[in-house]
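Novice:
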DNA sequence: TAGATATACTTTGATTATCAAAATATTTGA
DNA sequence: TCAAATATTTTGATAATCAAAGTATATCTA
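Chains as they are written, first to last, in the numbering used here: chain A, 70 to 219; chain B, 70 to 219.
(1) Among all the DSSP beta bridges, which residues are the ones paired with residue 136 (chain A)?
(2) What does the alpha-carbon distance come out to for the pair residue 177 (chain B) and residue 109 (chain B)?
(3) How about the segment 171–187 of chain B and the segment 138–146 of chain B: do they share at least three Cβ pairs that are nearer than 8 Å?
(4) So if DSSP puts residue 150 (chain B) in a beta bridge, which residue, or which two residues, is it bridged to?
(5) Note the first and the last residue of the continuous alpha helix (DSSP H) segment covering residue 128 (chain A).
(6) Helix, strand or coil for residue 118 (chain A) per DSSP?
(7) If residue 203 (chain A) and residue 207 (chain B) are in contact, beta carbons under 8 Å, what's the gap, nearest whole angstrom?
(8) Determine whether the Cβ of residue 166 (chain A) lies closer than 8 Å to any Cβ atom of chain B.
(9) Determine the direct distance from the alpha carbon of residue 161 (chain A) to that of residue 190 (chain B), and round the result to whole angstroms.
(10) At least one CB of chain B closer than 8 Å to the CB of residue 219 (chain A): is that the case?
(11) With C-beta atoms as the reference, is residue 200 (chain A) less than 8 Å away from residue 188 (chain B)?
(12) For residue 149 (chain A), count neighbouring C-beta atoms within 10 Å of its own C-beta (all shown protein chains included) and say buried if the count is 16 or more, exposed if not.
(13) Please state whether the Cβ-Cβ distance between residue 90 (chain A) and residue 144 (chain A) is less than 8 Å.
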């Protein structure tokens, strides 16, 4: 393997694993020690502003609605999420974050922005463009080669 | 949130999720449809060349040895891994990849190098350096701020 | 407009991944 | 020699996941 490829691969794998580990331990130690990474991502997918249906959120998370049902059961019990039936169409359930859920969302958001700030610290504008370009190329490659467009 | 931060954050999250999804579906569709992502990572951690102990591999994967035992049971049953007792110290079990395991390892390795090649396609040497620099900064930040050094 | 079909969600039953703690086998040290 | 330490496996529990079956409601068609 070419040296640069090896360096970049190692970096990407490390970053990947570190982020997973950090999300776990940061949650365990922090204010929301009763949330798993999966639960945090569910909260992220529900989002801050509009109530969303079970189907929408399950699609975003790429899990079945059945799986989401059990996840939401737990998040409701823990006080992060609220469920309500839609009166216009009583088959539909909308879920939204409680105050506590929104707080968790914001803290997780900050975790993300802190990371990005660290990544771009000391880069000038041209450097930033190159970073965006290379990551875009990777993202496009992944979507093209693996037909990930929804 | 600053625009650049938002763009980079979105890119990173997308790449993160896409890679997870791709690993899953690529495995399912490919030659090794009986391997989960977790199992593939276990194969990766065992490595191509030297037999390794249960404790070593569990440490690398950041899982308990008990969890690894059940994972290895399945991989042995499926023919990817071999176990052997060490004669000098009969408490120790060394695990190594079978021929089939090594083939899986190489295919997964190629998946990684293909991705990296896509990421750096069209970049010149200075661009590459900036990419390495920014990813290194991110990696260092993660390790420093979260005490991840083993 | 009644009955069939479709839709949105929940429940059920099964599997995988995980941990902590107990159990087993072996080695080392006093 | 036997107590303590080490390496692994087993056990019992929980979370995350899916497919398929079940429930409630809405829509379409004859």
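Where a beta carbon is used, it is the ideal one built from N, C-alpha and C, also for glycine.
Specialist: With the given structure in hand:
(1) Answer is none; residue 136 (chain A) lacks a bridge partner.
(2) If you draw a straight line from the Cα of residue 177 (chain B) to the Cα of residue 109 (chain B), it is about 8 Å long.
(3) No, because fewer than three Cβ pairs between the segment 171–187 of chain B and the segment 138–146 of chain B fall closer than 8 Å, the two stretches do not touch.
(4) In DSSP, residue 150 (chain B) forms a bridge with B:166.
(5) 123–130 is the span of the alpha helix (DSSP H), which, as asked, contains residue 128 (chain A).
(6) Here residue 118 (chain A) carries a coil assignment [DSSP, helix/strand/coil].
(7) The pair is not a contact, with the Cβ atoms about 13 Å apart (cut-off 8 Å).
(8) No, its Cβ sits nowhere closer than 8 Å to a Cβ of chain B.
(9) In this model, residue 190 (chain B) and residue 161 (chain A) are separated by some 46 Å (Cα to Cα).
(10) Model confidence at residue 219 (chain A) stands at a pLDDT of 42, short of 50, so the residue's coordinates are unreliable and nothing is read from them.
(11) Contact flag unset, no.
(12) With 16 or more other Cβ atoms from the protein chains shown falling within 10 Å of its own Cβ, residue 149 (chain A) counts as buried.
(13) Result no, Cβ atoms of residue 90 (chain A) and residue 144 (chain A) do not sit closer than 8 Å.
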